[in-house]
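In our numbering, the protein residues as written are 26 to 275.
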């Protein structure tokens with residue numbers, strides 16, 4: 026039989042999900058039996074700030090490595106940053122650090138999502154901890170730093186220190202950042218959705234040229250607010266603009 030056990034706190038929020046034990050193998054512990062497990066941590070406002078997923082365990086089944094995903098919120102309770110650590114690495118001083126990737130969300134003045142950026146370059150997540158965020162409000166002061174205000178103190182954390190050049194733009198080595206940008210009409214309906222993209226064109230001499238651009242979808246509504254038409258604006262293999270129109274009838 027397979028069982029999933031969920032534990033809740035006094036406020037009814039899930040704090041731990043554990044599955045039945047399964048056999049595992051790694052080069053350090055060899056074959057061992059352990060239960061897949063994810064733990065959930067909340068801040069004083071009730072927001073989910075950390076998810077810890079068991080990655081490895083020793084021969085007795087005790088977890089020795091957790092993979093952490095951090096969720097950071099602004100003063101209005103909106104999620105502004107996700108940080109997911111994925112692997113161990115060594116920095117310039119031969120210290121073991123955890124590398125992770127950042128997704129940042131920006132909002133319009135009316136509270137709609139303006140953009141979501143997935144940064145391609147890994148950062149050092151070693152300085153992130155629940156203790157830093159408890160009782161504090163994170164503010165993305167720039168694409169390179171998080172500032173935590175409240176809880177009796179102020180802490181500034183440069184999320185890229187010790188490994189990468191902070192949250193600089195991705196390149197051909199790391200891969201390119203992915204950004205989705207939204208615009209809205211006066212009624213708050215989504216007007217456009219644009220995705221950043223990277224592509225190559227080949228000329229008659231078989232020379233490749235890199236391009237950074239975007240694909241965009243436009244939305245049109247009828248007088249009663251129903252979606253009437255979507256227009257996808259993209260680029261073909263030769264760099265030409267291509268439109269794909271989808272119409273709806275009611």
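A virtual CB, placed ideally from N, CA and C, is assigned to each residue, including glycine.
Comparing alpha carbon positions, the residue from 141, 118, 106 and 137 closest to residue 125 is 106.
For the pair residue 235 and residue 223, the CB atoms are nearer than the 8 angstroms cut-off. For residue 46, there is no enclosing beta strand (DSSP E), as DSSP marks it with neither H nor E. If you ignore the 5 residues before and after residue 115, its C-beta comes within less than 8 angstroms of the C-beta of 121 and 122, all in its own chain and listed in chain order.
Across the set 74, 273, 242 and 148, the C-alpha of 74 shows the shortest separation from the C-alpha of residue 102. Per DSSP, the unbroken beta strand (DSSP E) holding residue 272 starts and ends at 266-272. In the three-state reduction of the DSSP assignment, residue 113 falls in the strand class. Put simply, of 55, 135 and 79 the residue whose alpha carbon is nearest the alpha carbon of residue 90 is 79.
Shown here, residue 147 sits in coil according to DSSP, grouped into three states, outside any helix or strand. Residue 257 sits close to residue 240, with the two beta carbons spaced by under 8 angstroms. In this chain, the beta strand (DSSP E) harbouring residue 65 covers 62-67.
DSSP places residue 74 inside the beta strand (DSSP E), whose first and last residues are 73-82. Judged by their CB atoms, residue 63 and residue 142 are not nearer to each other than the 8 angstroms cut-off. Taking all protein chains shown into account, residue 254 has fewer than 16 neighbouring C-beta atoms within 10 Å of its C-beta and is therefore exposed. A straight-line Cα-Cα distance of about 6 angstroms links residue 238 and residue 221. In the three-state reduction of the DSSP assignment, residue 249 falls in the coil class. The C-alpha of residue 35 lies about 25 angstroms from the C-alpha of residue 100. In this model, residue 227 and residue 243 are separated by some 29 angstroms (Cα to Cα).
Residue 33 sits exposed, since fewer than 16 C-beta atoms from the chains shown fall within 10 Å of its C-beta. About 14 angstroms separates the beta carbon of residue 134 from that of residue 140, a gap too long to meet the 8 angstroms contact definition. For residue 130, the uninterrupted beta strand (DSSP E) run begins and ends at 121-132, by DSSP. C-alpha of residue 202 to C-alpha of residue 40: approximately 33 angstroms in a straight line.
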